[in-house]
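Chemist: After the structure tokens below, expect a handful of questions from me.
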Amino acid sequence: MTSEITGITRANEGIQGISWNILGQTYVPKSKTEHSFSWHATLPPGTFVPPHIHPDQDEYLYMLEGKLDFMLGNSESQATAGDLIRLGMGVPHGIFNKSEQTAKVLFWVSPTKKLFDLFWGLHNMKEQKPEDVVAMAAEFNIHFLPPPPGG
């Protein structure tokens, strides 16, 4: 069991100096226990997180800067700075930066499960080919959905 260590993770730092490149985005882990894992994400224009499902985690995003488009279950929505996005266990969701501005977001999941390890694996891929990302994610119980018709 990992317990939280009291302290401050500075604005431009990740725990243990970690910074990951995942699908063209920068993820900087801020805290990690067995109960919760948080990271700061920078999503440049045109980047996205394909639709996927976390069957055993709730996920949250707090928008710090920019605007993102979301697929939330069977609907679409947008969020801007100050908005909190709640993604319940088992609900399909996708995240898209269709704007011309970089978005900055604080993400967290509860419980942590294997997401921290998945991010290490994706970051360490020589090339993040879609089929390899999908296969690796499934090994960590994150399930990407097939693209929509014509998508």
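UniProt numbering puts the sequence shown at residues 1 to 151.
Backbone N, C-alpha and C define an ideal beta-carbon position, used for all residues, glycine too.
Just so you know, these numbers come straight off a predicted model, no measurement behind them.
DSSP on residue 121, reduced to helix/strand/coil?
Modeler: If DSSP states are grouped into helix, strand and coil, residue 121 belongs with the helices.
Chemist: Please report the distance separating the alpha-carbon of residue 39 from that of residue 28.
Modeler: 5 Å
Chemist: For residue 35, which of 69, 26, 2 has the nearest alpha-carbon?
Modeler: Looking at 69, 26, 2, the one whose alpha-carbon comes closest to that of residue 35 is 2.
Chemist: Quick check: residue 97 and residue 45, are their CB atoms within less than 7 Å of each other?
Modeler: yes
Chemist: Using 8 Å for Cβ pairs, my map puts residue 144 next to residue 95. What's the rounded Cβ distance?
Modeler: Between residue 95 and residue 144 the Cβ distance is about 13 Å, and since that is not below 8 Å, they are no contact.
Chemist: Please list, in chain order, all residues of the same chain as residue 24 whose beta carbon is under 7 Å from its beta carbon, the five residues on each side excluded.
Modeler: If we look at residue 24 and ignore the five residues flanking it on each side, its Cβ neighbours are 44, 47.
Chemist: So, is residue 112 buried or exposed, given that buried needs 16 or more other C-beta atoms within 10 angstroms?
Modeler: That one is buried.
Chemist: Between which two residues does the beta strand (DSSP E) carrying residue 50 extend?
Modeler: 48 to 53
Chemist: What residue from 136, 75, 91, 42 has the CA that sits closest to residue 63's CA?
Modeler: Comparing Cα-Cα distances from residue 63 to each of 136, 75, 91, 42, the minimum goes to 42.
Chemist: What is the DSSP secondary structure of residue 82, reduced to helix, strand or coil?
Modeler: coil
Chemist: Roughly how many whole angstroms lie between the Cα atoms of residue 128 and residue 92?
Modeler: 22 Å
Chemist: Could you name the residues of the same chain whose beta carbon sits closer than 8 Å to that of residue 155, not counting the 5 residues immediately before and after it, in chain order?
Modeler: Past the boundaries of the shown model lies residue 155; the chain is included only from 1 to 151, so the question cannot be answered.
Chemist: Nearest-angstrom Cα distance between residue 59 and residue 78?
Modeler: 16 Å
Chemist: Could you please give the first and the last residue of the uninterrupted alpha helix (DSSP H) stretch that includes residue 56?
Modeler: Note, residue 56: premise wrong, no alpha helix (DSSP H); not H, not E.
Chemist: Give the single residue among 81, 109, 57, 74 whose Cα lies nearest to the Cα of residue 67.
Modeler: 81
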